[in-house]
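Q:
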Amino acid sequence: MIAAPLGRCLLDPETLARPRAQIRLVEAEPGASLARLYEVGVRAARAPWVALLESHSLPSEQWAGALLAAHGAGWDVVGSAMENGNPGSAVSWASFILMYGPWISIEAGPGDDLPGHHSSYGRELLLSHGPRLGALLESATALHRDLAGRGCRLYLEANARVAHVNPSRLGSFCRELFWYGRLFAGRRLPPAARLQRLLYAAGAVIVPLLRCRRVLPLYRQIGRRRRLPRLTWAALVLGLIASAGGEMAGYALGIGPALEQLRAIDERRLDLLRPQDRELLA
Amino acid sequence: MCRLEQQAGTVTGPPVGEPSPGPALTVVIATTGGSETVMRVLPCWASGAPKRPSRL
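Structure, rendered in structure tokens:
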């Protein structure tokens, strides 16, 4: 099922009409955010299990079957085991490590969190959030924390592999992390908590150092199993700084145009890639 | 997506000759639309053969 803003999905009628395609197009209001589009898609889904995926994520052939097998084994939420879909550059690896590193396919099993937009849920479980669903879909971490708090069991399925095509141009990589950081921080505290927001904004200065404590072991762990480009660590540092800058702005000023900026980034996803990486999506 | 839904049907599918209960899994891909990415990727899904790195 493809969820897109009204009139914006340029999928041609011939493709939609292919008898074996089983593709449904559902449309939301113009200017809808990605979270809103996922909400519309979930509400229109008919199957008992609903998996979220991105247009630039490439699943393995066993992906869907592996998700369903894990659900059949009793897991309420099942995450995909992530791989870097364009592993040729330091920027792509840095982006992958920061966004999906904890869920790389070398580490599977039960967990507290799963990759956003790459996990599968019971449809009724998602719908049970009622009008809160759209807001929860803005942050996979918040959604998974909510589900875990309700007693749901989360599992990373090693056989449900997805290759994610990451930004591989430095400016695009930093821009995306900045706006995700701003969205996260802007949503984290209520607008009325002004003093707390200012304190958190000041504290964002040390966030790169704090995150280094988690990212560095991950970087080393992945580096033992995969060949990482030499400057991956430098790109990681820049990414952490960009993300912290976004968080600082989010705490101090709120989300601002974060949703619009992230939507614009998604609209021009090929622009985030080096020319040689664009062939992966061609 | 056709491949995914067929694959899902294989897992929970009915015996030959009986009507299908429908897909067990709906895959939701959200896109802001209109991008070159969407134009390139979605026809691949429609044909049931999304491109992927060979090591997958």
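Residue numbers (my numbering), protein chains in the order written: chain A, -11 to 270; chain B, 136 to 191.
Even for Gly, the Cβ is constructed at its ideal location relative to N, Cα and C.
Would you list, in chain order, the members of the stretch 16 to 30 of chain A that have their beta-carbon closer than 7 Å to a beta-carbon of chain B?
A: Per Cβ criterion, the list reads 22, 25, 26, 29, 30.
Q: As an exercise, report each continuous beta strand (DSSP E) stretch of at least 3 residues that is fully enclosed by the stretch 170 to 217 of chain A, in chain order.
A: Counting whole runs of 3 or more residues, the stretch 170 to 217 of chain A contains no beta strand (DSSP E) stretch at all.
Q: Do you know offhand how far residue 195(A)'s Cα is from residue 232(A)'s?
A: One C-alpha to the other measures close to 6 Å.
Q: Cα separation between residue 45(A) and residue 96(A)?
A: Rounded to the nearest angstrom, the two C-alpha atoms are 19 Å apart.
Q: Of all the CB atoms in chain B, is at least one closer than 8 Å to the CB of residue 225(A)?
A: Not an interface residue.
Q: On the CB-based measure, 16 or more other CB atoms within 10 Å of its CB, does residue 62(A) come out buried or exposed?
A: Residue 62(A) is exposed by the Cβ-count criterion.
Q: Using a 10 Å radius around the Cβ and a threshold of 16 neighbouring Cβ atoms, would you call residue 190(A) buried or exposed?
A: Exposed.
Q: By Cβ distance below 6 Å, which residues in the same chain neighbour residue 247(A) in space, the five residues on each side in sequence not counted?
A: Answer for residue 247(A): 21, listed in chain order.
Q: Classify residue 145(A) as helix, strand or coil using the three-state DSSP reduction.
A: Three-state DSSP puts residue 145(A) in a strand.
Q: Select from 66(A), 163(A), 187(A), 140(A) the residue whose C-alpha is nearest the C-alpha of residue 106(A).
A: Selected option, being the one with the closest Cα: 66(A).
Q: List the DSSP bridge partners of residue 107(A).
A: Note: residue 107(A) sits in a beta bridge opposite 67(A).
Q: Return the chain-ordered list of same chain residues with a C-beta closer than 7 Å to the C-beta of residue 127(A), the five sequence neighbours on each side being excluded.
A: Only 172, 175 meet the Cβ criterion.
Q: Determine the contact status of residue 142(A) and residue 98(A), defining contact as a CB-CB distance below 8 Å.
A: Contact: yes.
Q: Nearest to residue 157(A) by alpha carbon, out of 78(A), 139(A), 137(A), 250(A)?
A: Of the candidates 78(A), 139(A), 137(A), 250(A), the one whose C-alpha sits nearest the C-alpha of residue 157(A) is 78(A).
Q: Leaving out five residues on either side along the sequence, give the residues of the same chain with a beta carbon under 6 Å from the beta carbon of residue 60(A).
A: Correct list: empty, nothing qualifies.
Q: Whole angstroms are fine: how far does the CA of residue 11(A) sit from the CA of residue 80(A)?
A: Distance between the alpha carbons of residue 80(A) and residue 11(A): 30 Å.
Q: Could you check the C-alpha separation between residue 88(A) and residue 57(A) for me, to the nearest Å?
A: Taking the straight line from one Cα to the other gives about 23 Å.
Q: Suppose the cutoff is 8 Å on Cβ atoms and the five residues either side in sequence are ignored; what does the same chain contact list for residue 71(A) look like?
A: Taken in chain order, the residues that qualify are 92, 93, 149, 150, 151, 152.
Q: Starting from residue 38(A), find everything on chain B with Cβ-Cβ shorter than 9 Å and list it in chain order.
A: Going along chain B in sequence order, the residues near residue 38(A) (Cβ under 9 Å) are 160, 161, 162, 163.
Q: Rounded C-beta distance between residue 115(A) and residue 121(A)? I'm assuming under 8 Å.
A: With a Cβ gap of about 7 Å, residue 115(A) and residue 121(A) count as contacting.
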